[in-house]
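K.L.:
All letters in the sequence shown, in the order written, are residues -14 to 524 by the numbering used here. Heads up, the beta-carbon is just placed ideally off N, CA and C, and yes, glycines get one too.
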Amino acid sequence: MHFLTDFRRVLTLTFLVLRWLGPLFLRRVLCLGPGRLSTAVRLRRAFEAGGVTFHKIGQYLSMRFDILPAELCREFAGLLEAVPPLDPSVAIAEVELALGGPIARFFARFEPDPIGSASIAQVHKALTREGELVAVKIRRPHVREAFLCDMRLLRRPARFADWFGMLGSISLVEFMNEVEASTLREMDFQFEARTAERVRQDGSPYATTPRIFWPLCTPSLLTMQFIEGVSLQQVCRAAESGGEAQVRALLPGVDLRNVVTDLSRACLYQLFVSGVFHGDPHPGNILIQHNGQVTFIDFGIFGTLDINERRLLRNYIESNVRGNLMESARCYARITLATSRTDMRAYLRELLAVLTRWYAASADPATPVAERHSGRYQMEMLMVMRRHHAEMRPNQLLFWRVLLVLDATVLRLPVKVDLLQVMIDFFTRCSPRFPEQLRELLEELSSSATGLRRRVNAMDRMESHLKEQMAGRTSLPTNWQRRAPDTNRLSRAAQGTAIALLGIPFALGALHTSDAVGLLCLGIAALLASGIILIRLSA
């Protein structure tokens, strides 16, 4: 079924390679120089014509100016926003198809020319029938089918690479599967709307999120509050072409240092406090309002971290930025998955060496940008993992991507912001105090108690089921007849242990505080102790 589609796609990609890169290859062979178009422009146009999959690859490469020439990164940065728009009639037809009626039924005004155009969708400004100014995001027609075709084609060389173990223990096919699942979620705009609402409800004090208009949302159409502002991508371009003077003309009266600081704090808040974070905060997805407020848009890619993951990752980053590099290396080793082939002592030694080089480069403002970029050291850490047969946890990949993109964005701007100091200040201000530590402990105990309760209930159900099956035919074995009392004792012991553990932080709070707070903690600890006594008496 897919053979003809895939074959046509192969022909298309072959034509693009011959058109944009063929002349470059011939000129290199014949020593004729780059010609009218530079190498960077040819590569960017080839990726641009390649469609959504190659747009995504190019967008990632635009951030890797630690390993790629600056000219190439600037060209690839154009893929973040400058994608040729749909014909206005096609865009309107897509809106009417998604909403199931003429566009005038839903919008009092709809501007046919887009205000932004990207690889998966483009955005139009509109006015609802109720007079609300909104941004309407339209998914490009057939983009989903084209992406799935590219995935099928890319899996073939991925299987070849896995067969020969070209990436060691890392499976390229599994990586492609994760990319496919993530991008397909990104193409579902109702899923994106739910994510944006969730981030908005978390209430980060450092950034805002547009409000969603649910009646005007479908899987291929997203309608949200229109935010007046300038994208951070435009700010980066202005900085690269005209420096601070051009940035001031673009955002008059806005202190760019405060903007960068708020952006950094907003990302850190999402990662380490709320646990729901924007997974693709590249400059094209960040708006700066004229009052300096940071706004996140485009929540197609997002990540979540549970409380245990946040604590482990927070310990790693906090140890890192505070210069406690040995503890940082140990945390990183716990974050990754060691195997039976991992020499932990050698693994820690190499991790420490990489972290020491990164910290020394980041702490010195005179260090060139390429040497301060964390992406360079992330690649070194991955090579260390590969040499020692350790693996990255799949659900944490987006976490590292966010830190990489944040670091790359900050280094592109003309202002000097010490990202290390911003992180230190953030962790000092947001380190969990006694109530937060207590809440985390309660969540952990609740999770443990729930799991224990499920196992106890499963044992009870199993016993009941066996009794029903064996009733009237034979008596239960002696060990099964004794199991119910043992199970009850296990349940009472679990309850007593959980209550005792809950009483510990309150008793400590009573010792380290005074006045009414200390008396309250002491009283709660006494009540919990009474609970233990009652449980024991009921045994």
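My assumption, with CB atoms under 8 angstroms, is that G260 sits in contact with T289. Please give the rounded CB distance.
P.N.:
With a Cβ gap of about 6 angstroms, G260 and T289 count as contacting.
K.L.:
Go ahead and pull the three-state DSSP assignment for I489.
P.N.:
The pLDDT assigned to I489 is 49, lower than 50, so where the model puts this residue is not dependable; a value taken from the coordinates is nonetheless given after this. Residue state, collapsed to three classes: helix.
K.L.:
Taking Cβ positions, are C252 and V128 nearer each other than 7 angstroms?
P.N.:
In this structure, V128 does not lie closer than 7 angstroms to C252 by Cβ.
K.L.:
Taking its Cβ as the centre, do 16 or more other Cβ atoms sit within 10 Å of N305, making it buried, or is it exposed?
P.N.:
Buried, since its Cβ has 16 or more Cβ neighbours within 10 Å.
K.L.:
According to the Cβ coordinates, are F61 and R29 closer than 7 angstroms?
P.N.:
Contact flag set, yes.
K.L.:
If we call anything under 7 angstroms between Cβ atoms a contact, is P204 one with F174?
P.N.:
In contact: P204 and F174 (Cβ atoms closer than 7 angstroms).
K.L.:
Which residues mark the beginning and the end of the beta strand (DSSP E) in which I292 is found?
P.N.:
Here I292 belongs to no beta strand (DSSP E); instead the alpha helix (DSSP H) covers 292 to 306.
K.L.:
Could you compute how far the alpha carbon of T38 sits from the alpha carbon of V80?
P.N.:
If you take the alpha carbons of T38 and V80, they lie about 24 angstroms apart.
K.L.:
M161 and R183: beta carbons closer than 7 angstroms?
P.N.:
No, the Cβ-Cβ distance between M161 and R183 is not below 7 angstroms.
K.L.:
If we count the other Cβ atoms within 10 Å of its Cβ and call it buried at 16 or more, is G101 buried or exposed?
P.N.:
When all chains shown are included, G101 counts as buried.
K.L.:
Inspect the CB distances between the segment 73 to 90 and the segment 265 to 280 and report whether three or more fall short of 8 angstroms.
P.N.:
Touching, no, given that fewer than three Cβ pairs across the two stretches are closer than 8 angstroms.
K.L.:
Any contact between the segment 224 to 235 and the segment 349 to 365? By contact I mean 3 or more CB pairs, one from each, below 8 angstroms.
P.N.:
No, the segment 224 to 235 does not touch the segment 349 to 365.
K.L.:
Whose C-alpha, out of G264, Y254, V258, Q278, is nearest the C-alpha of G238?
P.N.:
Checked all of G264, Y254, V258, Q278; the closest Cα to G238 is Q278.
K.L.:
Is it buried or exposed for E171, if we count other Cβ within 10 angstroms and need 16 for buried?
P.N.:
That one is buried.
K.L.:
Along the chain, where does the beta strand (DSSP E) that runs through I77 open and close?
P.N.:
Per DSSP, I77 belongs to no beta strand (DSSP E); it is in the alpha helix (DSSP H), 73 to 84.
K.L.:
For R124, name the three-state secondary structure that DSSP assigns.
P.N.:
Reduced to three states, the DSSP call for R124 is strand.
K.L.:
Take F257 and list the residues in its own chain whose beta-carbon comes closer than 6 angstroms to its own, dropping the five residues that flank it on each side.
P.N.:
R295, R299.
K.L.:
Below 8 angstroms on the Cβ atoms is my guess for V245 versus V402; work out the distance and round it to an integer in Å.
P.N.:
Sure, about 5 angstroms apart at Cβ, within 8 angstroms.
K.L.:
Which residues does DSSP list as the beta-bridge partners of E376?
P.N.:
Paired residue(s): L322.
K.L.:
Does the segment 214 to 227 come close enough to the segment 102 to 111 that 3 or more CB-CB pairs lie under 8 angstroms?
P.N.:
The segment 102 to 111, when compared against the segment 214 to 227, does not touch it at the 8 angstroms Cβ threshold.
K.L.:
Look up Q278 in the DSSP assignment and say whether it is helix, strand or coil.
P.N.:
Three-state DSSP puts Q278 in coil, outside helix and strand.
K.L.:
Compare the Cα-Cα distances from E177 to each of E163, R222, K122, A146 and report the closest residue.
P.N.:
The candidate whose alpha carbon is nearest that of E177 is K122.
K.L.:
Of all the options D410, L389, V400, L405, which has the alpha carbon lying nearest to the alpha carbon of S47?
P.N.:
Looking at the Cα atoms, L389 is the closest of the given residues.
K.L.:
Would you mind reading off the limits of the alpha helix (DSSP H) that contains V108?
P.N.:
Careful: V108 lies outside any alpha helix (DSSP H), inside the beta strand (DSSP E) at 106 to 113.
K.L.:
Return the CA-CA distance between S249 and R144, expressed in angstroms with no decimal places.
P.N.:
If you take the alpha carbons of S249 and R144, they lie about 38 angstroms apart.
K.L.:
Of the residues V339, Y301, N293, E335, which one's Cα is nearest the Cα of I409?
P.N.:
Ranking V339, Y301, N293, E335 by Cα distance to I409 puts Y301 first.
K.L.:
Taking its Cβ as the centre, do 16 or more other Cβ atoms sit within 10 Å of S325, making it buried, or is it exposed?
P.N.:
Looking at its Cβ environment, which holds fewer than 16 other Cβ atoms inside 10 Å, S325 is exposed.
K.L.:
Look up T289 in the DSSP assignment and give the residues it is bridged to.
P.N.:
Answer is V261, bridged to T289.
K.L.:
If we ignore side chains and look at the alpha-carbon of each, how far apart do L359 and L336 end up?
P.N.:
At residue 359 the sequence reads Ser, which differs from the Leu that was named. Rounded to whole angstroms, S359 to L336 spans 14 angstroms at the Cα level.
K.L.:
Could you check what DSSP says for F284 in three-state terms: helix, strand or coil?
P.N.:
F284: coil per DSSP, three-state reduction.
K.L.:
Please report the straight-line C-alpha distance between D328 and E376, rounded to a whole angstrom.
P.N.:
Answer to the nearest angstrom: the Cα atoms are 13 angstroms apart.
K.L.:
Got a sec? Which residues, its chain only, sit under 7 angstroms from V339 by beta carbon, not counting five neighbours each side?
P.N.:
Y362, E365, M366, V369, listed in sequence order.
K.L.:
Exposed or buried, what is Q44 when buried is set at 16 or more other beta-carbons lying within 10 Å of its beta-carbon?
P.N.:
Q44 comes out buried.
K.L.:
Helix or strand or just coil, what does DSSP make of W193?
P.N.:
According to the sequence displayed, residue 193 carries Thr and not Trp. Here T193 sits in strand by DSSP.
K.L.:
For a quick check, are the C-beta atoms of A93 and R114 less than 7 angstroms apart?
P.N.:
Taking 7 angstroms as the Cβ cut-off, A93 and R114 qualify as a contacting pair.
K.L.:
Which residue's Cα is closest to the Cα of F284: N293, C221, R(-7), G264?
P.N.:
The shortest C-alpha separation from F284 is found at G264.
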